[in-house]
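Let me begin by presenting the structure, written as structure tokens, before commenting on it.
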Amino acid sequence: MAKVNITRDIIHRQIKERGALGFERHYHVTDPFIRRLGLEAELQGHSGCVNCLEWNEKGDLLASGSDDQHTIVWDPLHHKKLLSMHTGHTANIFSVKFLPHSGDRILITGAADSKVHVHDLTVKETIHMFGDHTNRVKRIATAPMWPNTFWSAAEDGLIRQYDLRENSKRSEVLIDLTEYCGELVEAKCLTVNPQDNNYLAVGANEPFVRLYDIRMIHNHRKSMKQSPSAGVHTFCDRQKPLPDGAAQYYVAGHLPVKLPDYNNRLRVLVATYVTFSPDGTELLVNMGGEQVYLFDLTYKQRPYTFLLPKKCHTSGEVQNGKTSTNGVSNGIHLHSNGFRLSDGRGHVSPQVELPPYLERIKQQANEAFACQQWTQAIQLYSRAIQKAPNNAMLYGNRAAAYMKRKWDGDHYDALRDCLKAISLNPCHLKAHFRLARCLFELKYVAEALECLDDFKGKFPEQAHSSACDALDRDINAALFSKSDNAEDKKGGGPIRLRATGRKASISEDEMVLRERSYDYKFRYCGHCNTTTDIKEANFFGSNAQYIVSGSDDGSFFIWEKETTNLVRVLQGDESIVNCLQPHPSYCFLATSGIDPVVRLWNPRPESETLNGRVVVDMEGASQANQRRMNADPLEVMLLNMGYRITGLTSGGAGGSDDEDSSEGQVQCRPS
Numbered sequence: 001m002a003k004v005n006i007t008r009d010i011i012h013r014q015i016k017e018r019g020a021l022g023f024e025r026h027y028h029v030t031d032p033f034i035r036r037l038g039l040e041a042e043l044q045g046h047s048g049c050v051n052c053l054e055w056n057e058k059g060d061l062l063a064s065g066s067d068d069q070h071t072i073v074w075d076p077l078h079h080k081k082l083l084s085m086h087t088g089h090t091a092n093i094f095s096v097k098f099l100p101h102s103g104d105r106i107l108i109t110g111a112a113d114s115k116v117h118v119h120d121l122t123v124k125e126t127i128h129m130f131g132d133h134t135n136r137v138k139r140i141a142t143a144p145m146w147p148n149t150f151w152s153a154a155e156d157g158l159i160r161q162y163d164l165r166e167n168s169k170r171s172e173v174l175i176d177l178t179e180y181c182g183e184l185v186e187a188k189c190l191t192v193n194p195q196d197n198n199y200l201a202v203g204a205n206e207p208f209v210r211l212y213d214i215r216m217i218h219n220h221r222k223s224m225k226q227s228p229s230a231g232v233h234t235f236c237d238r239q240k241p242l243p244d245g246a247a248q249y250y251v252a253g254h255l256p257v258k259l260p261d262y263n264n265r266l267r268v269l270v271a272t273y274v275t276f277s278p279d280g281t282e283l284l285v286n287m288g289g290e291q292v293y294l295f296d297l298t299y300k301q302r303p304y305t306f307l308l309p310k311k312c313h314t315s316g317e318v319q320n321g322k323t324s325t326n327g328v329s330n331g332i333h334l335h336s337n338g339f340r341l342s343d344g345r346g347h348v349s350p351q352v353e354l355p356p357y358l359e360r361i362k363q364q365a366n367e368a369f370a371c372q373q374w375t376q377a378i379q380l381y382s383r384a385i386q387k388a389p390n391n392a393m394l395y396g397n398r399a400a401a402y403m404k405r406k407w408d409g410d411h412y413d414a415l416r417d418c419l420k421a422i423s424l425n426p427c428h429l430k431a432h433f434r435l436a437r438c439l440f441e442l443k444y445v446a447e448a449l450e451c452l453d454d455f456k457g458k459f460p461e462q463a464h465s466s467a468c469d470a471l472d473r474d475i476n477a478a479l480f481s482k483s484d485n486a487e488d489k490k491g492g493g494p495i496r497l498r499a500t501g502r503k504a505s506i507s508e509d510e511m512v513l514r515e516r517s518y519d520y521k522f523r524y525c526g527h528c529n530t531t532t533d534i535k536e537a538n539f540f541g542s543n544a545q546y547i548v549s550g551s552d553d554g555s556f557f558i559w560e561k562e563t564t565n566l567v568r569v570l571q572g573d574e575s576i577v578n579c580l581q582p583h584p585s586y587c588f589l590a591t592s593g594i595d596p597v598v599r600l601w602n603p604r605p606e607s608e609t610l611n612g613r614v615v616v617d618m619e620g621a622s623q624a625n626q627r628r629m630n631a632d633p634l635e636v637m638l639l640n641m642g643y644r645i646t647g648l649t650s651g652g653a654g655g656s657d658d659e660d661s662s663e664g665q666v667q668c669r670p671s
């Protein structure tokens, strides 16, 4: 942690009003606070699972909703229940929101009975009841700029907008996902950008997360109504419910390709929660069945995939956050027949020696790698990369650690690191070879063969090494075994974009939007999100310094945002932690889950030496969660019932961690 002069900052806060916000943001959540975070209190009052939590703007009230169909408003600072009321719902409450600019008087709830209710807390009455949805309502969203307006997302695939100023008791459909994805699509979550309330993010039961411009949608609807041909409905009208440019898609680049495999294993990918960073420049997604992903909305990057239509790889297009010229992007030349490695004659970033303290971190990481402590090695390399982001060797070494650990998404992160290393040093031998191996592991078999052939041409002295021969055999065996269904990849568009055996009808507009999707910036691993579809992940701190997420193992996980390193795991529930809502201005966290209580967490006094809620073996907990995510659904169900499954509690995640001697030193050892 960097040295700070807190006394000076306190004085500046007192004499400069403008400095108060900066002080709050800087000291809201700090490393020492995170290390001392512990349980302060348990709020008891519900008789069922607590499925949703919501702070008011000031942070002096906390609302909760439960399976018991009641909502409770708490004074969390004094651990008191201020109000409890039956909401009128007939099923589990999944979302609760204070209506902005209502003086904390109006509360909105959405529930599994497909209803949205609006309540006046001062008289404890339900004043509006909306029944337009035809399936479970999973999330409500509000926006400060639109004080009488709110939105709902439901499993009927609709995003509805409500305006309490209108006399009508009905809502209007803002977005109909079924027009794009067919009748089986379900909207699971939504959120409004806190800095620009015109942008709405939506998650569904698939890996794509959508960002919509509400203004463009409304203007499009108005122009359609004012058009002389507004009364004439054609096929094209139905296929164009949204104007061009009103939607942008985001997806972890490897997930569309993994969908067939996940579906075959009955593993569902669903966005269970989406939220914006406090400054509105980042989007955080808790991807059910996978990991937590952060997308940069300012410096967008295309997926690192080699199955995108070749028309996307044109000169001057922004690729992976940088404008490519002459078809070059991150050290890879993209051609109509695939790609070849850079010949090394382009610009090479000078490889400056690491300062002594970073060299020590790198050596510690290498030692952890040698001891097969892959996660520790990854975290140490990540710490060094944060301080030296232009060092190719660090990226290459971290790629090797990812490839050995083999958690979900690790090979894709390794591929990204290899490409980064090659862009910094086109002569990075190990990064070139690891790239070919990553492509093979990600099922890009033909591309892996091209990459390996280019590697042999660039490094002829390695062409007949044991590592090259082993990978060559693996690739050719895979090509031979897939020869019968090779046409599946050639027809029907890129595999990353096609429907995956479902009866859903994907429209052409949807295909185009998926084709233009953007990739993630950071990935956070360790938790497990397979059992519930309301599990949250949130930014923690006014500057979004940390990421927090619930988990199926009853814990919640805290990561450093920039390094993605796991820094704290706390036991938050006897079964599952679903909800985590940070206080708007204090280092104060509210959590809930299957237990019928709300738990409050804050930094404990230094005099408290014992914290029974701390999970000391964070790596062990993370490994167990990775095994859990890859387990057979029946085994997970039996585990939840208390049975011990031998195959689930032993072995590695996603394959053996033993080193494959056939890979050779060119891949395995860090530099």
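Numbering (the UniProt record's numbering), first residue to last: 1 to 671.
Glycine included, every Cβ here is placed at the ideal spot set by N, Cα and C.
These numbers come from a predicted model, not from an experiment.
Next item on the list: Using DSSP bridges, identify the partner residues of Q226.
Entry: Answer is none; Q226 lacks a bridge partner.
Check: Taking the C-alpha atoms as reference points, what is the distance between R267 and F208?
Finding: 16 Å
Item checked: Distance cut-off 8 Å: R473 Cβ against heavy atoms of the ligand GDP -> You won't find the ligand GDP in this model; it holds no ligand whatsoever.
Margin query: Just list the residues that DSSP pairs C579 with in beta bridges.
Written below: S592
Margin query: For D279 and T191, I'd like the C-alpha separation in whole angstroms.
Written below: 14 Å
Check: Just how far apart, CA to CA, sit N476 and Q379?
Finding: 35 Å
Next item on the list: Tell me, please, which residues DSSP counts as bridged to K80.
Entry: D75
Note to self: Considering only their Cβ atoms, is the gap separating N625 from S575 smaller than 9 Å?
What the structure shows: no
Checklist line | Where the alpha helix (DSSP H) containing Q379 begins and where it ends | finding: W374 to K387
Notebook entry, point to check: In terms of alpha-carbon separation, which member of S549, R136, R383 and R160 lies closest to I214?
Noted result: R160
Next item on the list: Would you mind stating whether C468 and F440 have Cβ atoms separated by less than 9 Å?
Entry: no
Check: Considering only the beta carbon of each residue, do G38 and T109 sit closer than 9 Å?
Finding: no
Margin query: Could you compute how far the alpha carbon of P32 sits from the alpha carbon of P603?
Written below: 8 Å
Next item on the list: Note the first and the last residue of the continuous beta strand (DSSP E) segment covering P194.
Entry: Careful: P194 lies outside any beta strand (DSSP E) and carries neither H nor E.
Check: So C181 and V274 are in contact, right, with Cβ under 8 Å, and what is the actual spacing, rounded?
Finding: Not confirmed; about 17 Å, so no contact.
Note to self: Let's see if you can read the secondary structure: which residues bound the alpha helix (DSSP H) around H432?
What the structure shows: L429 to E441
Next item on the list: Can you tell me which of E447, T591 and F295 puts its alpha carbon nearest to the alpha carbon of Y520?
Entry: F295
Next item on the list: Counting only runs of 3+ residues fully inside the region 235-290, write out the beta strand (DSSP E) ranges in chain order.
Entry: 247-250, 270-276 and 282-288
Check: By how many angstroms is the C-alpha of L43 removed from the C-alpha of Q581?
Finding: 15 Å
Next item on the list: Could you check if D617 is buried or exposed, using at least 16 other CB atoms within 10 Å of its CB as the buried criterion?
Entry: exposed
Next item on the list: Just tell me which of S152, V445, R568 and E619 has its CA closest to the CA of A112.
Entry: S152
Check: Which whole-angstrom value describes the C-beta separation of S555 and P303, a residue pair presumed to lie in contact below a C-beta threshold of 8 Å?
Finding: Contact doesn't hold; Cβ gap of about 31 Å is too wide.
Next item on the list: May I have the straight-line CA-CA distance separating A271 from M287, to the nearest angstrom?
Entry: 5 Å
Notebook entry, point to check: By Cβ distance, which residues of its chain are closer than 6 Å to H335, with the 5 residues on each side in sequence left out?
Noted result: A caution first: H335 carries a pLDDT of 33, below 50, which makes its placement in the model unreliable, though a value can still be read off. Cβ neighbours of H335 beyond the five flanking positions: none.
Check: My guess is that T134 and D156 are in contact by the Cβ rule of under 8 Å, so how many angstroms apart are they, rounded?
Finding: 4 Å
Notebook entry, point to check: Relative to the C-alpha of L419, which residue among L435, V548 and M145 is closest?
Noted result: L435
Notebook entry, point to check: Between V29 and G526, which are expected to be in contact by the criterion C-beta below 8 Å, what is the C-beta distance as a whole number of angstroms?
Noted result: In fact, because the Cβ distance is near 19 Å, the residues do not count as touching under 8 Å.
Notebook entry, point to check: Among P596, Y524 and S95, which residue has its Cα nearest to the Cα of T375?
Noted result: Y524
Item checked: Sequence-distant residues of the same chain with beta carbon closer than 6 Å to F459, five excluded per side -> L429
Next item on the list: Specify, as a first and last residue, the run of the beta strand (DSSP E) that D163 falls within.
Entry: L158 to D163
Check: Is it true that the CB of L164 sits closer than 9 Å to the CB of L107?
Finding: no
Next item on the list: State the beta-bridge partners of M618 as determined by DSSP.
Entry: Per DSSP, none; premise fails for M618.
Margin query: Only counting the same chain, and skipping five residues up and downstream in sequence, which positions put a Cβ closer than 6 Å to that of L174?
Written below: I159 and Q161
Note to self: Using the three-state DSSP reduction, which class does V598 fall into: helix, strand or coil?
What the structure shows: strand
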